[in-house]
Amino acid sequence: MAKTKTAFFCQNCGTQYAKWVGQCGACKEWNTIVEEVIQKEKDIPWQNFSDAKTTSSRPVLVGQINASREFRLDIYDKEFNRVLGGGLVPGSLVLLGGEPGIGKSTLLLQIALKLNIRTLYVSGEESLKQIKMRAERIHPNNQTCYILTETKTQNIFKQINDIKPDIVVIDSIQTLHSDYIESSAGSISQVRECTAELIRFAKETNTPVILIGHITKDGNIAGPKILEHMVDTVLQFEGDRNYVYRILRALKNRFGSTAELGIYEMQGDGLREVNNPSEVLLSKSDSGLSGTAIASTIEGMRPLMIEIQALVSTAVYGTPQRSATGYNAKRLNMLLAVLEKRAGFRLGAKDVFLNITGGITVDDPAIDLAVVAAILSSNSDVPIEKNVCFAAEIGLAGEIRPVQRVEQRILEADKLGFSKIFVSKNNKIALKNTKINIELVSKIEDVVNKLFV
Ligand code: TYD
Ligand code: MG
Numbered sequence: 009m010a011k012t013k014t015a016f017f018c019q020n021c022g023t024q025y026a027k028w029v030g031q032c033g034a035c036k037e038w039n040t041i042v043e044e045v046i047q048k049e050k051d052i053p054w055q056n057f058s059d060a061k062t063t064s065s066r067p068v069l070v071g072q073i074n075a076s077r078e079f080r081l082d083i084y085d086k087e088f089n090r091v092l093g094g095g096l097v098p099g100s101l102v103l104l105g106g107e108p109g110i111g112k113s114t115l116l117l118q119i120a121l122k123l124n125i126r127t128l129y130v131s132g133e134e135s136l137k138q139i140k141m142r143a144e145r146i147h148p149n150n151q152t153c154y155i156l157t158e159t160k161t162q163n164i165f166k167q168i169n170d171i172k173p174d175i176v177v178i179d180s181i182q183t184l185h186s187d188y189i190e191s192s193a194g195s196i197s198q199v200r201e202c203t204a205e206l207i208r209f210a211k212e213t214n215t216p217v218i219l220i221g222h223i224t225k226d227g228n229i230a231g232p233k234i235l236e237h238m239v240d241t242v243l244q245f246e247g248d249r250n251y252v253y254r255i256l257r258a259l260k261n262r263f264g265s266t267a268e269l270g271i272y273e274m275q276g277d278g279l280r281e282v283n284n285p286s287e288v289l290l291s292k293s294d295s296g297l298s299g300t301a302i303a304s305t306i307e308g309m310r311p312l313m314i315e316i317q318a319l320v321s322t323a324v325y326g327t328p329q330r331s332a333t334g335y336n337a338k339r340l341n342m343l344l345a346v347l348e349k350r351a352g353f354r355l356g357a358k359d360v361f362l363n364i365t366g367g368i369t370v371d372d373p374a375i376d377l378a379v380v381a382a383i384l385s386s387n388s389d390v391p392i393e394k395n396v397c398f399a400a401e402i403g404l405a406g407e408i409r410p411v412q413r414v415e416q417r418i419l420e421a422d423k424l425g426f427s428k429i430f431v432s433k434n435n436k437i438a439l440k441n442t443k444i445n446i447e448l449v450s451k452i453e454d455v456v457n458k459l460f461v
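Residue numbering for the sequence shown is 9 to 461, as defined by the working numbering.
Pasting the structure below:
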């Protein structure tokens with residue numbers, strides 16, 4: 009009988025060691041090395057249970073490679089298609105990560121149900137009944153989606169061999185285990201082995217595979233970092249669980265840009281694609297409230313109008329409070345210092361709260377001017393007209409700086425019926441045929457004079 013072999017792995021980066029060490033030499037983390045049982049050294053083909061022989065690949069001249077690579081599978085979900093770069097590439101492995109309860113299983117089950125090609129949804133987390141209940145809510149009459157509750161990869165491949173699905177979804181990679189490795193499901197070597205088996209299957213049969221991955225407390229995908237290197241595309245599903253909006257973004261994409269973004273709204277019957285995000289992110293109230301300003305921002309490649317709310321009040325405690333939701337708190341402090349020093353507003357003894365509505369987080373500096381406008385509006389209790397918006401960055405000297413792709417931002421504001429947008433004087437704008445009034449400003453005072461005087 010073969011002797012059981014063990015090795016030591018870093019839980020953080022997946023580096024393998026022959027003996028235990030206190031600090032990982034690769035990622036410099038302490039106390040992350042654990043012993044795991046490994047039994048095999050060589051890779052075993054995924055069709056171990058079938059008679060099919062593995063085909064070995066051979067070198068091909070680049071000019072002779074079939075150009076059918078361009079083919080992409082339309083998955084009938086505009087947002088997901090766009091984030092993937094125009095559809096799912098056959099034979100690719102996509103990893104979808106996200107916090108528990110954010111809607112990963114819902115999103116992929118929904119996609120599997122909407123397709124009218126043979127899909128196999130493998131769940132190691134929920135029972136058939138639970139999935140059925142969810143499927144009933146999302147898309148009740150589907151004829152081509154198979155559900156399998158199984159966690160052993162060898163059994164999954166056996167079923168795949170029988171059904172021959174056109175697309176496979178695995179929920180989740182951390183629940184799978186392979187017979188060839190003895191450590192428990194979710195451990196580094198299991199995750200790595202199961203992913204490697206799935207990659208071999210995907211590449212040899214040209215079947216796309218989508219994996220769901222858990223994330224750790226600090227937001228990284230659980231398991232070795234090499235998991236992210238192994239797959240072709242890494243997507244992240246994020247959002248504030250208290251709000252209905254969810255954002256899908258690509259962190260890595262071998263077949264497209266990572267700048268694209270998809271927005272969904274969680275409803276009672278699944279996730280709805282949000283094709284015009286600006287409209288849903290703006291509140292519909294008619295009465296002008298002070299402390300609200302609208303910014304034209306760009307998330308990924310898409311322009312997006314967002315609403316910023318500020319509340320400025322007299323500090324009741326000695327130290328004024330500053331807090332920001334969806335916006336960088338350091339940047340808020342910087343803007344408050346600029347307002348105090350360069351524009352003469354006495355905000356030093358005031359509490360300032362800032363919120364980006366809809367539960368989204370924005371780090372585009374082009375929303376600076378809207379943040380400042382919302383703060384000044386709340387401070388003076390004078391509302392900003394509803395049809396005014398902003399797109400400019402603010403520098404440390406209080407100057408209003410130009411932003412990237414300003415024309416796209418102006419066009420979005422124009423499309424949504426805004427009548428005035430404040431941008432920097434230094435932005436080069438060559439737009440014709442727009443109804444919107446473009447206000448060019450160079451200092452905060454210019455904006456104050458035009459808005460509040
Ligand atoms: P789920 O897909 O199970 O999350 P994950 O797989 O990322 O852990 O979805 C979790 C939440 O979504 C759950 O708390 C309920 C909500 N939900 C809806 O609001 N509407 C629906 O139609 C479904 C299926 C779920
Ligand atoms: Mg789930």
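A virtual CB, placed ideally from N, CA and C, is assigned to each residue, including glycine.
Item to check | Straight-line Cα distance separating residue 233 from residue 9 | outcome: The residue given as residue 9 occupies position 1 in the sequence shown. The residue given as residue 233 occupies position 225 in the sequence shown. Note that residue 9 scores 47 on pLDDT, short of 50, meaning its location in the model is unreliable and no value can be drawn from it.
Next on the checklist: Just to check my reading of the structure: residue 102 and residue 219 have Cβ atoms closer than 8 Å, yes? What is that Cβ distance to the nearest angstrom?
Outcome noted: Here residue 102 corresponds to residue number 94 of the sequence shown, with the count starting at 1. Here residue 219 corresponds to residue number 211 of the sequence shown, with the count starting at 1. Indeed they touch by this definition, with Cβ atoms about 7 Å apart.
Next on the checklist: In whole angstroms, give me the CA-to-CA distance for residue 400 and residue 136.
Outcome noted: Here residue 400 refers to the residue found at position 392 when the sequence shown is read from its first residue. Here residue 136 refers to the residue found at position 128 when the sequence shown is read from its first residue. Distance between the alpha carbons of residue 400 and residue 136: 52 Å.
Checklist entry - Near residue 420, which residues of its chain fall below 7 Å by C-beta distance, leaving aside the five closest residues on each side in sequence? => result The residue given as residue 420 occupies position 412 in the sequence shown. Here the set comprises 286, 304, 311, 313.
Item to check | Validate contact between the segment 267 to 282 and the segment 345 to 356 using beta carbons, cut 8 Å, 3 pairs | outcome: no
Checklist entry - Can you tell me the Cα-Cα spacing of residue 413 and residue 322, whole angstroms? => result If you number the sequence shown from 1, residue 413 lands on position 405. If you number the sequence shown from 1, residue 322 lands on position 314. Looking at the backbone, the Cα of residue 413 and that of residue 322 are separated by about 38 Å.
Checklist entry - Helix, strand or coil: how does DSSP classify residue 204 here? => result Counting from one through the sequence shown, the residue named residue 204 turns up at place 196. Looking at residue 204 - three-state DSSP - the assignment turns out to be helix.
Checklist entry - How about residue 249 and residue 107: do their beta carbons lie closer than 9 Å? => result On the sequence shown, position 241 is the one that residue 249 refers to. On the sequence shown, position 99 is the one that residue 107 refers to. Going by C-beta atoms, residue 249 is nearer than 9 Å to residue 107.
Item to check | Backbone secondary structure at residue 168 - three-state DSSP | outcome: Reading the sequence shown from its first residue, position 160 is the one you call residue 168. Helix.
Checklist entry - By Cβ distance below 6 Å, which residues in the same chain neighbour residue 43 in space, the five residues on each side in sequence not counted? => result Here residue 43 refers to the residue found at position 35 when the sequence shown is read from its first residue. Here the set comprises 14, 16.
Checklist entry - Bridge partners of residue 311, per DSSP? => result Your numbering for residue 311 matches position 303 in the sequence shown. Per DSSP, 306.
Checklist entry - When DSSP builds the beta bridges, which residues end up paired with residue 362? => result Along the sequence shown, one-based indexing puts residue 362 at 354. BP columns for residue 362 point to 318, 332.
Checklist entry - Hey, would you say the C-beta of residue 109 is under 8 Å away from at least one heavy atom of the ligand TYD? => result As a working mapping, residue 109 is identified with position 101 in the sequence shown. Yes; taking the cut-off as 8 Å, the Cβ of residue 109 has a heavy atom of the ligand TYD nearer than that.
Next on the checklist: According to DSSP, simplified to helix, strand and coil, what is residue 398?
Outcome noted: As a position in the sequence shown, residue 398 is number 390, starting the count at 1. The answer is strand: DSSP assigns residue 398 an E or B state.
Item to check | Cβ-Cβ distance between residue 452 and residue 431 below 9 Å | outcome: By one-based count along the sequence shown, residue 452 stands at place 444. By one-based count along the sequence shown, residue 431 stands at place 423. No, Cβ-Cβ distance for residue 452 and residue 431 is not below 9 Å.
Checklist entry - Using the C-alpha atoms, what's the distance from residue 53 back to residue 251? => result Working through the sequence shown from its first residue, we reach residue 251 at position 243. Working through the sequence shown from its first residue, we reach residue 53 at position 45. In a straight line, the C-alpha of residue 251 is about 45 Å away from that of residue 53.
Item to check | residue 147 (DSSP reduced to helix, strand or coil) | outcome: Position 139 of the sequence shown, counted from the first residue, corresponds to residue 147. Residue 147: coil per DSSP, three-state reduction.
Checklist entry - Since residue 341 is in the beta strand (DSSP E), which residue starts that stretch and which ends it? => result Position 333 of the sequence shown, counted from the start, is the residue given in the question as residue 341. Note, residue 341: premise wrong, no beta strand (DSSP E); alpha helix (DSSP H) at 337 to 350.
Checklist entry - Would you call the segment 148 to 161 and the segment 119 to 127 touching, i.e. three or more CB-CB distances under 8 Å? => result yes
Checklist entry - When the Cα of residue 360 is compared with those of 143, 371, 445, 337, which residue comes out closest? => result By one-based count along the sequence shown, residue 360 stands at place 352. Comparing Cα positions, the closest option is 337.
Next on the checklist: Quick check on the burial criterion: 16 or more other C-beta atoms within 10 angstroms. Buried or exposed for residue 329?
Outcome noted: Against the sequence shown, residue 329 aligns to sequence position 321. Exposed: under 16 other Cβ atoms inside 10 Å.
Next on the checklist: If the criterion is Cβ atoms closer than 9 Å, does the pair residue 216 and residue 81 meet it?
Outcome noted: In the sequence shown, residue 216 corresponds to position 208, counting from 1. In the sequence shown, residue 81 corresponds to position 73, counting from 1. In this structure, residue 81 lies closer than 9 Å to residue 216 by Cβ.
Checklist entry - Excluding the five sequence neighbours on either side, which residues of its own chain have a C-beta within less than 6 Å of the C-beta of residue 99, listed in chain order? => result Counted from its first residue, the sequence shown places residue 99 at position 91. Hits under 6 Å: 210, 211, 214.
Checklist entry - With distances taken between CB atoms, is the gap from residue 397 to residue 437 smaller than 9 Å? => result By 1-based counting over the sequence shown, the position of residue 397 is 389. By 1-based counting over the sequence shown, the position of residue 437 is 429. Cβ atoms of residue 397 and residue 437: not closer than 9 Å.
Checklist entry - For residue 117, which option in 175, 454, 342, 442 has the closest C-alpha, if you only look at C-alpha atoms? => result Taking the first residue of the sequence shown as position 1, residue 117 is located at position 109. Considering only 175, 454, 342, 442, the residue with the shortest C-alpha distance to residue 117 is 175.
Checklist entry - Taking 8 Å as the cut-off, does the CB of residue 215 come closer than this to any heavy atom belonging to the ligand TYD? => result Residue mapping note: residue 215 aligns to position 207 of the sequence shown, counting from 1. In this structure, residue 215 has its beta carbon at no less than 8 Å from each heavy atom of the ligand TYD.
Next on the checklist: Please tell me whether residue 367 and residue 221 are closer than 9 Å, where the distance is taken between their beta carbons.
Outcome noted: Along the sequence shown, one-based indexing puts residue 367 at 359. Along the sequence shown, one-based indexing puts residue 221 at 213. No; because the gap between Cβ atoms is not below 9 Å, this pair is not in contact.
Checklist entry - Using the C-alpha atoms, what's the distance from residue 422 back to residue 443? => result Numbered from its first residue, the sequence shown carries residue 443 at position 435. Numbered from its first residue, the sequence shown carries residue 422 at position 414. Cα to Cα, the separation comes out at about 7 Å.
Checklist entry - Between the beta-carbon of residue 381 and the beta-carbon of residue 289, is there less than 9 Å? => result Position 373 of the sequence shown, counted from the start, is the residue given in the question as residue 381. Position 281 of the sequence shown, counted from the start, is the residue given in the question as residue 289. No.
Item to check | Residue range of the alpha helix (DSSP H) that includes residue 417 | outcome: Walking along the sequence shown from the start, residue 417 turns up at place 409. Run containing residue 417: 414 to 423, per the alpha helix (DSSP H) assignment.
Next on the checklist: On the DSSP bridge list, what partners appear for residue 238?
Outcome noted: Within the sequence shown, residue 238 is the residue found at index 230, counting from 1. Note: residue 238 sits in no beta bridge, so no partner.
Checklist entry - Three-state secondary structure (DSSP) at residue 79? => result Residue numbering aside, residue 79 sits at position 71 when the sequence shown is read from its first letter. Three-state result, residue 79: coil.
Checklist entry - Exposed or buried, residue 265, counting other C-beta atoms within 10 Å across all chains shown (16 or more means buried)? => result The residue labelled residue 265 in the question sits at position 257 within the sequence shown. When all chains shown are included, residue 265 counts as exposed.
Checklist entry - If you draw a straight line from the C-alpha of residue 90 to the C-alpha of residue 282, how long is it? => result Residue mapping note: residue 90 aligns to position 82 of the sequence shown, counting from 1. Residue mapping note: residue 282 aligns to position 274 of the sequence shown, counting from 1. Distance between the alpha carbons of residue 90 and residue 282: 13 Å.
Checklist entry - What whole-angstrom Cβ distance do residue 199 and residue 130 have, given they're in contact under 8 Å? => result Mapped onto the sequence shown, residue 199 falls at position 191. Mapped onto the sequence shown, residue 130 falls at position 122. With a Cβ gap of about 15 Å, residue 199 and residue 130 do not count as contacting.
Checklist entry - With 16 as the cutoff for other CB atoms within 10 Å, does residue 331 come out buried or exposed? => result Here residue 331 refers to the residue found at position 323 when the sequence shown is read from its first residue. Label assigned to residue 331: exposed.
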